[in-house]
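Reviewing the structure listed below.
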Amino acid sequence: MDGVPRVPEQRRAGSCAEPAPLSFAVLGPVRARRGSEQLSTGSPQQRALLAALLLREGRTATAGELIDAVWGEEPPSQALAALRTYASRLRKVLDPGVLVSESGGYAVRVPAEGALDLAVAQDLAAEAEKAKSAGDLCQARELLGRALALWDGEVLAGVPGPYAEAQRVRLEEWRLQLLESRLDMDLEQGCHAEAVSELTALTAAHPLRERLRELLMLALYRSGRQAEALAVYADTRRLLADELGVDPRPGLRELQQRILRADPGLAEPASPQAEPAAAPVRPAQLPATVPDFTGRAAFVQELGEVLSSAEGRVMAVSAVAGIGGVGKTTLAVHVAHQARTAFPDGQLYVDLQGAGARAAEPETVLGSFLRALGTADSAIPDSLEERAALYRSVLDGRRVLVLLDNARDAAQVRPLLPGTEGCAALVTSRVRMVDLAGAHLVDLDVMSPDEALALFTKIVGEERVASEREAALDVVAACGFLPLAIRIAASRLAARRTWTVSVLAAKLADERRRLDELQAGDLAVKATFELGYGALEPAQARAFRLLGLADGPDISLAAAAAVLDVPVEEAEDLLEALVDTSLLESAAPGRYRYHDLVRLYARACAERDEWPPSERDAAMSRLLDFYLATAAGVYLIERPGDRLVDHLAAPEYPGLVFADRHQAQDWLYSEAVCLLACVRQSAGSGFLRRAVDLLWAAVDLAESGTNSKAYEGVASALREAAREAGDTRAEARALITLGYAHSVTGRFDLADEEAALAHELIGAAPDPLAGCWASNILGVIALYQGRHEDGETYINRAIEGFRACDDRAGEAAVLCNLSRIHLATGRTDSAVSLARQGMEMYDAMGHALKGANGRYALGLALTEHGELPEAAARLQEALTVFRDSRQRLWEGMSLFRLAEVDLAAGRPAQAAANAESALTVLRGIGGDWRRAGVLVTLGHGLSGIGQSGRAQVCWREALELFEALGAPEAETVRALLTPLTLA
7 MDGVPRVPEQ
17 RRAGSCAEPA
27 PLSFAVLGPV
37 RARRGSEQLS
47 TGSPQQRALL
57 AALLLREGRT
67 ATAGELIDAV
77 WGEEPPSQAL
87 AALRTYASRL
97 RKVLDPGVLV
107 SESGGYAVRV
117 PAEGALDLAV
127 AQDLAAEAEK
137 AKSAGDLCQA
147 RELLGRALAL
157 WDGEVLAGVP
167 GPYAEAQRVR
177 LEEWRLQLLE
187 SRLDMDLEQG
197 CHAEAVSELT
207 ALTAAHPLRE
217 RLRELLMLAL
227 YRSGRQAEAL
237 AVYADTRRLL
247 ADELGVDPRP
257 GLRELQQRIL
267 RADPGLAEPA
277 SPQAEPAAAP
287 VRPAQLPATV
297 PDFTGRAAFV
307 QELGEVLSSA
317 EGRVMAVSAV
327 AGIGGVGKTT
337 LAVHVAHQAR
347 TAFPDGQLYV
357 DLQGAGARAA
367 EPETVLGSFL
377 RALGTADSAI
387 PDSLEERAAL
397 YRSVLDGRRV
407 LVLLDNARDA
417 AQVRPLLPGT
427 EGCAALVTSR
437 VRMVDLAGAH
447 LVDLDVMSPD
457 EALALFTKIV
467 GEERVASERE
477 AALDVVAACG
487 FLPLAIRIAA
497 SRLAARRTWT
507 VSVLAAKLAD
517 ERRRLDELQA
527 GDLAVKATFE
537 LGYGALEPAQ
547 ARAFRLLGLA
557 DGPDISLAAA
567 AAVLDVPVEE
577 AEDLLEALVD
587 TSLLESAAPG
597 RYRYHDLVRL
607 YARACAERDE
617 WPPSERDAAM
627 SRLLDFYLAT
637 AAGVYLIERP
647 GDRLVDHLAA
657 PEYPGLVFAD
667 RHQAQDWLYS
677 EAVCLLACVR
687 QSAGSGFLRR
697 AVDLLWAAVD
707 LAESGTNSKA
717 YEGVASALRE
727 AAREAGDTRA
737 EARALITLGY
747 AHSVTGRFDL
757 ADEEAALAHE
767 LIGAAPDPLA
777 GCWASNILGV
787 IALYQGRHED
797 GETYINRAIE
807 GFRACDDRAG
817 EAAVLCNLSR
827 IHLATGRTDS
837 AVSLARQGME
847 MYDAMGHALK
857 GANGRYALGL
867 ALTEHGELPE
877 AAARLQEALT
887 VFRDSRQRLW
897 EGMSLFRLAE
907 VDLAAGRPAQ
917 AAANAESALT
927 VLRGIGGDWR
937 RAGVLVTLGH
947 GLSGIGQSGR
957 AQVCWREALE
967 LFEALGAPEA
977 ETVRALLTPL
987 TLA
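Letter by letter, the sequence shown follows residues 7 to 989 of my numbering.
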């Protein structure tokens, strides 16, 4: 890099290896260390001598040069003697031969490579430049990050003298150049949202540095914040005119014009070298083709011709339709492999699970595709429309084949189509997609008898079939000529060398099986599965039937053991046996799943064969108990001493026990989808109350962000089920979970409505702890809505209730909430006292997570009370715990409150940085009310660092959000905006 200060490698020839080598630091305070021991470098002038020698690149400095470096133009009369004294003292501290006298001067011989932090930084920067030139931006960013991490505050901190001052300026400029290079690569890699916060702080610290302003404009624009990007330019132009009397440089003006034009070139990294750094850039996701693919020659040719015509066309789409088991996927994968050379930029594949009850969501699939195409997670937008648009943009100019397998309907497929010249999509589905515009439709029927026999022969072997050709024809006919059925039957026969083809034919001749085989649609496949099921041992068959009853995409080994009521080791043996027979798939170590057709078949078997029938309900009851017991354990390990678990239904089947809260959290979040599926499935059974209690115990999922929407949907389903069943207790508890979920997502009116109804129901059918929760939720919502008197009434009622239930954790929670109400009504002294009391109660019980909520409340109160250092400390403690516990909502809110502390302390740049981070964390969770509050604080921070145009953009957005909510905060924000802005 131009302008990079260099310190050549310095080695001491012939030195012996030492157990504790010397090392030096100048990118911060001047330090010398022997191993981990920090050595004394003496007075400021003595450190100035050491720094001057270290920065001389191993060359000898004369006494006069060193005197000038340490004292400048006015040295003391005894400067030379003092210099010799400093040198003598340093020799005693350093190893022999490090500080040497030569020609009337001195030199420092750095003892080993990497012993000086500046030299290490130079080497890392050089390696980063090489990596960037080679197109490896990921490596270049990592190397620059390591180089920048070597700075430890101000360079040569506390060292006097003109030489040190000149070096400080030079090395700080170099640091900023490295930082700009790294940020530029951040943007090339798609890390726009993350860069905004850092760039906001940097532009505040270096307001006249136009390159940083340019990078901030680009980061904001690529984050969808065009108005703010333009506001940065306006702020910059005004600042340069006021301070220097100049206009922005041409590059900055050109960027502003490109933003005004919405130049498409700004939407993607300008450098083509950014793409190789993302992995993978050439996806190859096609499943393996079967080695014994048979027949279908006409279809192979037809589909191959359509795909090969993709070049020059807007898009080639082929949709293959047919019944389950007819071989749609096998044909599509085979054709896709043959066409790979026509799509050199990669192949994408997804199973859309259209035949199941929970088809894949297009936005989820698009997220996976964008990652496979090299898009960073941070650059992937939230909405389906934005993801689809970005997906088409990424594919523009590429030749990629997309295989969309097992689609539900055309509506699921449309957002996943490339839509650009040179790309093609191949779709399989059970339905004929006549409403998929422009698609080449292919109806795939069963195999011809000759093709079916050929497939059977390839799997079983020519020798065995040749002698029993008629029996083989009977077999494929009994299979209905369905490829899946033929493959399963032939594979079982091939695995049993003692069987003859006639034995298999005789098995298929059973009238019940044969009628199933002859039916249209999935029943034919069901009859084929009967072959595998009939050959199972009794215990294996029972496992196959019962495990198919559970909803959810897969099932863990521990949950399966609960369903089967057997030890985990025995359950694993049974499940692995089912995997061997292809009736079950091993999704991951310790996790298992059914193919969607096999699951339906397993349930049919359970309804038909499970005896007594009550065992089906018992199996699902054990699964619900397993989840309830384990979730209650997770709740308790996060909240020791909390009484909620004592008020839940008592499970009869045990759950898992965890060594620490991190293991507990891992289980809760990894099992979230299956747990919520179990709750929803149990809503319409006799297990309603336990299902509601399980959802209550898993309340952390409502705050996680990832599972908040699903949690809310399940809570709504439970409320309706309880209402239909006339179960007041279950309905009230379901309403509490639903009200809490609404409060998390910022829909306070709905939360208030649900909690008020719960409160009313509890009055008719007493449920003490539930009543406390309802009162607490009502109080918090009243606080958010500015109804402080109502809020205090509800909170005091909750305090009395929790005390009556001897629930000190609940009492601590509502004391913290009462603190918030006191704060809102100007009673800051009591607000601090209440929050501190709640926090201390949490700490006494060993609550890590809820103790963080106490610190959060105390931080708010201390901020208002003017005790800013302690407020920041408490909020930082809370932030650490929330991050560790994966509580995105409270992580974001803690960053927001830290930003408020920074504003109050006169640190607008840090306030803006923390507010930007809060916006990033709260994306998709917390609701518009919380987002608007963060935007207001961000605006204040930006205004404080001179970026008033961008600040007003934030305030306008906040005003729109508050007005849409009818929130009283709108008036405060409106006052921040000038009449010209509002016009």
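We put the beta carbon where it would ideally sit given N, CA and C, even for glycine. Note that the structure is a prediction, hence the values are computed from the model and not measured.
| Item | Value |
| --- | --- |
| First through last residue of the beta strand (DSSP E) which encompasses PHE30 | 28 to 31 |
| Buried or exposed (CB count within 10 angstroms, at least 16 for buried), THR381 | buried |
| Euclidean distance between Cα positions of GLU897 and ARG889 | 6 Å |
| Between the CA atoms of GLU582 and VAL4 - distance to the nearest angstrom | With the chain covering only 7 through 989, there is no way to say anything about residue 4. |
| Meets three-Cβ-pair contact criterion under 8 Å: the stretch 215 to 225 and the stretch 920 to 933 | no |
| Of the residues VAL640, TRP673, HIS653 and PHE550, the one placed nearest ALA608, counting alpha carbons only | PHE550 |
| Beta-carbon proximity of GLU578 to VAL585, cut-off 8 Å | no |
| For PRO35, the residue or residues it bridges with in DSSP | ALA163 |
| Supposed contact pair ALA348 and SER314 - C-beta distance, whole angstroms, cut 8 Å | 6 Å |
| Touching by the beta-carbon criterion (3+ pairs, under 8 Å), the stretch 692 to 702 and the stretch 658 to 671 | no |
| Per-residue DSSP class, three states only, for ILE951 | coil |
| Alpha helix (DSSP H) segment containing ASN802, residue limits | 794 to 810 |
| VAL440 classed as buried or exposed, judged by whether at least 16 other C-beta atoms fall within 10 angstroms | exposed |
| Secondary structure of THR434, DSSP reduced to three states | strand |
| Rounded distance between the beta-carbons of GLN687 and ASP557, thought under 8 Å | 5 Å |
| Bounding residues of the beta strand (DSSP E) (the contiguous stretch that carries GLY111) | 111 to 114 |
| Unbroken alpha helix (DSSP H) run spanning ARG65, endpoints | Note, ARG65: premise wrong, no alpha helix (DSSP H); not H, not E. |
| Which of helix, strand or coil DSSP assigns to ALA325 | strand |
| CB-CB length for LEU407 against ALA366, believed under 8 Å | In fact, because the Cβ distance is near 19 Å, the residues do not count as touching under 8 Å. |
| Delimiting residues of the alpha helix (DSSP H) encompassing ARG470 | 468 to 472 |
| Close beta carbons around ALA704, own chain, < 7 Å, minus the five adjacent residues each side | ALA637, LEU674 and LEU681 |
| Burial state of ASP631, where buried means 16 or more other Cβ atoms lie within 10 Å | buried |
| Exposure label - GLU466; buried when at least 16 CB within 10 Å | According to the sequence as given, residue 466 is Val; it is not Glu. Classification for VAL466: buried. |
| Spatially closest choice to GLY647 from ARG628, GLY857 and LYS715, by CA coordinates | GLY857 |
| Which of helix, strand or coil DSSP assigns to ASN920 | helix |
| Continuous beta strand (DSSP E) stretch holding TYR659: start and end | From DSSP, TYR659 is part of no beta strand (DSSP E); its letter is neither H nor E. |
| Entirely enclosed alpha helix (DSSP H) segments - the stretch 715 to 771, minimum 4 residues | 734 to 750 and 754 to 770 |
| Under 8 Å between C-beta atoms of ALA483 and PHE462 | no |
| HIS446 (DSSP reduced to helix, strand or coil) | strand |
| Same chain, Cβ closer than 8 Å to HIS748, five either side skipped, listed in chain order | GLU718, PHE754, LEU756, ALA757 and GLU760 |
| Test item: CB-CB of ALA170 and LEU162 under 8 Å | yes |
| Under the three-state DSSP convention, the category TYR600 falls into | coil |
| Helix, strand or coil at ASP241 [DSSP, three-state] | helix |
| GLU135: first and last residue of the uninterrupted alpha helix (DSSP H) it sits in | 123 to 139 |
| Same chain only: Cβ atoms within 7 Å of ALA868, ignoring 5 sequence neighbours per side | According to the sequence displayed, residue 868 carries Leu and not Ala. So the list reads VAL838, GLU876, ALA877 and ARG880, once near-sequence residues are dropped. |
| Inter-residue Cα distance where the pair is ALA132 and SER139 | 11 Å |
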